[in-house]
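Numbering (my numbering), first residue to last: 294 to 486. Quick reminder that beta carbons are idealized off the backbone N, C-alpha and C, glycines included. First up is the structure itself, then whatever we jot down about it.
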């Protein structure tokens, strides 16, 4: 089933009344985040990250996901409000499009497979649509995101073991799938309702 927006966020839903249930509220001022350290290493070259997110603050670096304490794999909104994928200081992908609607839920899917060809090595989907316009695009040279799915700390909503760069907003149905590159449609359907 698809997620629903919590009752406190009904104003952000469309006229169809679509809701996202069981979301987590991250307040960057409270340094809120979740983390887990896997007991064994998986793949940092083939994986899929999926999450429903609703932003609460703009114009600051905010992590959706990060791995490890240094030279990390990172999925974030950057300070210019673009969606970005980093491997440490290396930008793998940064969208041209900005995400500044704090009333909207976005379904973000980052699907990576180093064995794929060209830009298909790192696919970025937003609301079921494959992003094709990038301010920075190094997806063709993607080989892996350091520490992702490895036996180091994996964070949702913050960067590193410090941690820093906390996400501010809501997240729901956050998943990191090891070893498979899925399309956004594998997580359900998105439409205007």
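Would you verify that the beta carbon of residue 459 is, or is not, closer than 9 angstroms to some beta carbon of chain C?
No chain C is part of this structure, which consists of one protein chain only.
Where residue 390 falls: helix, strand or coil (DSSP)
Assignment of residue 390 by DSSP, reduced to helix, strand and coil, places it in the strand class.
Does the stretch 313-331 come close enough to the stretch 455-467 that 3 or more CB-CB pairs lie under 8 angstroms?
yes
Does the separation of the CB atoms of residue 358 and residue 366 fall below 9 angstroms?
yes
Under the rule that 16 or more other beta-carbon atoms within 10 Å means buried, what is residue 455, buried or exposed?
Burial call: exposed.
Just to confirm my understanding: we take residue 448, look at its own chain, exclude 5 residues before and 5 after, and list those with CB closer than 8 angstroms. What are they?
326, 327, 328, 356, 358, 359, 360 and 456
Once DSSP output is grouped into helix, strand and coil, what is the label at residue 467?
strand
Starting from residue 367 and walking both ways along the beta strand (DSSP E), at which residues does that stretch end?
366-370
Taking the alpha-carbon positions, what's the residue 433 to residue 415 distance?
8 angstroms
For residue 462, name the three-state secondary structure that DSSP assigns.
strand
For residue 339, count the other beta carbons within 10 Å of its own beta carbon; 16 or more makes it buried, fewer makes it exposed. Which is it?
buried
Determine the closest residue to residue 393 out of 385, 422, 363 and 353, with distance taken between C-alpha atoms.
Selected option, being the one with the closest Cα: 353.
Determine the DSSP secondary structure at residue 478, reduced to helix, strand or coil.
helix
Excluding five sequence neighbours on each side, which residues of the same chain lie with their C-beta closer than 6 angstroms to the C-beta of residue 364?
Counting only residues of its own chain and dropping the five nearest sequence neighbours on each side, residue 364 has a CB closer than 6 angstroms to the CB of 381 and 439.
For residue 477, which residues in the same chain have their Cβ closer than 6 angstroms to its Cβ, ignoring the five residues on either side in sequence?
Excluding residues up to 5 positions away in sequence, 402, 418 and 421 lie with their Cβ nearer than 6 angstroms to the Cβ of residue 477 in the same chain.
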